[in-house]
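A quick write-up on the structure given underneath.
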Amino acid sequence: MGIELTLPSGKKVEITPVDGKTERLIEDKKLLQSGAFIDKYLSSRIEAVDGDHSLTPQQKEKVVLDMLSGDRNYMLYKLRIESYGPEMIFNYECPSCKKTSGYKVDLNEMLEDGTVKVYPYRDEALRVELPRSGGYALIEYMTGHDERRLAQLKSASFCDATLIRIAELNGNPPTRKDLDDLIGKDLSAIRNGISEMANAGLVSTIELTCLDCGKDYTVGLASIMDFFAPWKTSTESVGP
Ligand SMILES: [Zn+2]
Numbered sequence: 059m060g061i062e063l064t065l066p067s068g069k070k071v072e073i074t075p076v077d078g079k080t081e082r083l084i085e086d087k088k089l090l091q092s093g094a095f096i097d098k099y100l101s102s103r104i105e106a107v108d109g110d111h112s113l114t115p116q117q118k119e120k121v122v123l124d125m126l127s128g129d130r131n132y133m134l135y136k137l138r139i140e141s142y143g144p145e146m147i148f149n150y151e152c153p154s155c156k157k158t159s160g161y162k163v164d165l166n167e168m169l170e171d172g173t174v175k176v177y178p179y180r181d182e183a184l185r186v187e188l189p190r191s192g193g194y195a196l197i198e199y200m201t202g203h204d205e206r207r208l209a210q211l212k213s214a215s216f217c218d219a220t221l222i223r224i225a226e227l228n229g230n231p232p233t234r235k236d237l238d239d240l241i242g243k244d245l246s247a248i249r250n251g252i253s254e255m256a257n258a259g260l261v262s263t264i265e266l267t268c269l270d271c272g273k274d275y276t277v278g279l280a281s282i283m284d285f286f287a288p289w290k291t292s293t294e295s296v297g298p
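The sequence shown begins at 59 in this note's numbering and counts up by one.
Laid out in structure tokens, this is it:
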């Protein structure tokens, strides 16, 4: 019998804690590079979706790809707690001074006190009015498909990433040329819209303070290896 979760969108999934086979996915370099790691990781732990226990592995993977990113994050977060407990100990290198600090967080507590937020979903895509050209862009919620496409981008160019996130520009899917022709103010409006739509479902970005230089910076919990492999760091090895 799995653990029943109601995701922020209302979708219901039943999951089982991570086993040795799923743990092995972390070491699959090809999977990490192809951007399919999270898809395989999550789908391997799904027992049922909306009460349906008969899904094949392929169908489960499709469910995870179609899923909104905020739902995926929620599932990942709960899966981490159910599999390894709420305590997370990790080291992180400060982006500013490059010194490594040790941190210990409680995933349950952070969810309860709002450090990790769960945002409600709105019913429809966000329409962004473009102040210079007078046109509009439609921004939809990010899904697993978008995450995979973003992970597969050869270069991390702003343009390509923005392109993936725009569902429509004046009624059509945008091309790179369309973006090239937009004026800065319109691009800013679109980027603000994309940020606004990122606040949906569970957002696992937290703020850390460097214990060395005191600077604050934000980090996505799922970008830290210890989130998936809690045995990597112990309290003895944590420290500035
Ligand atoms: Zn620092």
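Note that CB positions come from ideal geometry on N, CA and C, so glycine has one too.
None of these values were measured; they are calculated from a predicted model.
Short of 7 angstroms in beta carbon distance, which residues of its chain neighbour residue i, apart from the five on each side in sequence? Order them along the chain.
| i | result |
| --- | --- |
| Pro288 | Tyr142, Met146 |
| Arg234 | Cys217, Leu221 |
| Val76 | Arg103, Leu137, Ser141 |
| Tyr99 | Thr80, Leu83 |
| Gly278 | Ser262, Thr263 |
| Ile362 | The structure shown has nothing for residue 362, since the chain only spans 59 to 298. |
| Gly257 | Per the sequence shown, residue 257 should be read as Asn rather than Gly. Once the five neighbours on either side are set aside, the close Cβ partners of Asn257 are Tyr177. |
| Asn228 | Gly193, Tyr194 |
| Glu108 | Note that residue 108 is Asp in the sequence shown, not Glu. Contacts found: Lys69, Lys70. |
With distances taken Cα to Cα, identify the nearest neighbour of residue i among the options.
| i | options | result |
| --- | --- | --- |
| Cys222 | Ser102, Tyr199, Gly259, Tyr194 | Strictly speaking, residue 222 in this sequence is Ile, with Cys absent from that position. Measuring from the Cα of Ile222, the nearest candidate turns out to be Tyr199. |
| Ala247 | Ile104, Val277, Leu188, Lys290 | Leu188 |
| Glu140 | Leu89, Lys290, Arg103 | Arg103 |
| Glu72 | Leu65, Pro66, Lys175, Ile61 | Ile61 |
| Pro66 | Leu89, Ser292, Gly128, Lys88 | Gly128 |
| Asn131 | Lys175, Thr158, Ser112 | Lys175 |
| Leu165 | Ala280, Ser292, Thr291, Lys290 | Ala280 |
| Ser292 | Val163, Leu126, Lys70 | Val163 |
| Gly68 | Leu260, Asp284, Lys290 | Leu260 |
| Leu63 | Glu85, Thr158, Tyr135, Pro115 | Tyr135 |
| Asp284 | Ile241, Ala219, Asp239, Tyr161 | Tyr161 |
| Lys88 | Asp110, Tyr150, Ala209 | Ala209 |
Using a Cβ-Cβ cutoff of less than 8 angstroms, which residues in the same chain neighbour residue i once the five nearest sequence positions on both sides are dropped?
| i | result |
| --- | --- |
| Ser154 | Cys268, Cys271, Lys273, Tyr275 |
| Leu123 | Asp97, Thr201, Gly202, His203, Arg206 |
Starting from the C-beta of residue i, find all residues in its chain whose C-beta is less than 6 angstroms away, skip the five residues before and the five after it, and write them out in chain order.
| i | result |
| --- | --- |
| Asp244 | Leu188, Arg190, Ser191 |
| Glu105 | Gly60, Glu72, Thr74 |
| Ile282 | Phe148 |
Measuring from the CB of residue i, is there a heavy atom of ligand 3 at a distance below 7 angstroms?
| i | result |
| --- | --- |
| Pro75 | Ligand 3 is not among the ligands present in this structure, which contains only ligand 1. |
Can you give, in chain order, each stretch of the alpha helix (DSSP H) that sits fully within the stretch 151-189 and has at least 4 residues? If we require 4 residues or more, the alpha helix (DSSP H) runs fully inside the stretch 151-189 come out as 165-170.
Segment contact, 8 angstroms Cβ cut-off, at least three pairs: the stretch 94-110 with the stretch 165-184: Between the stretch 94-110 and the stretch 165-184, the count of Cβ pairs shorter than 8 angstroms is below three; the stretches do not touch.
Does the structure place the stretch 212-221 close enough to the stretch 179-197 that three or more beta carbon pairs sit under 8 angstroms? Too few Cβ pairs lie closer than 8 angstroms, so no.
Extract the residue ranges of the alpha helix (DSSP H) inside the stretch 191-220, only unbroken runs of 4 or more that lie entirely within it. Here the runs fully enclosed are 202-210.
Quick one: residues with CB closer than 6 angstroms to any heavy atom of ligand 1, in chain order, please. Any residue whose Cβ sits closer than 6 angstroms to a heavy atom of ligand 1 makes the list: Cys152, Ser154, Cys155, Lys157, Cys268, Asp270, Cys271, Lys273.
If we count Cβ pairs, one from each stretch, closer than 8 angstroms, do we get three or more for the stretch 227-242 versus the stretch 102-121? Not touching, per the Cβ criterion.
Please give the ranges of any beta strand (DSSP E) in the stretch 221-286, keeping only runs that are unbroken, at least 3 residues long and fully inside the region. Correct list: 224-227, 259-261, 263-267, 274-278.
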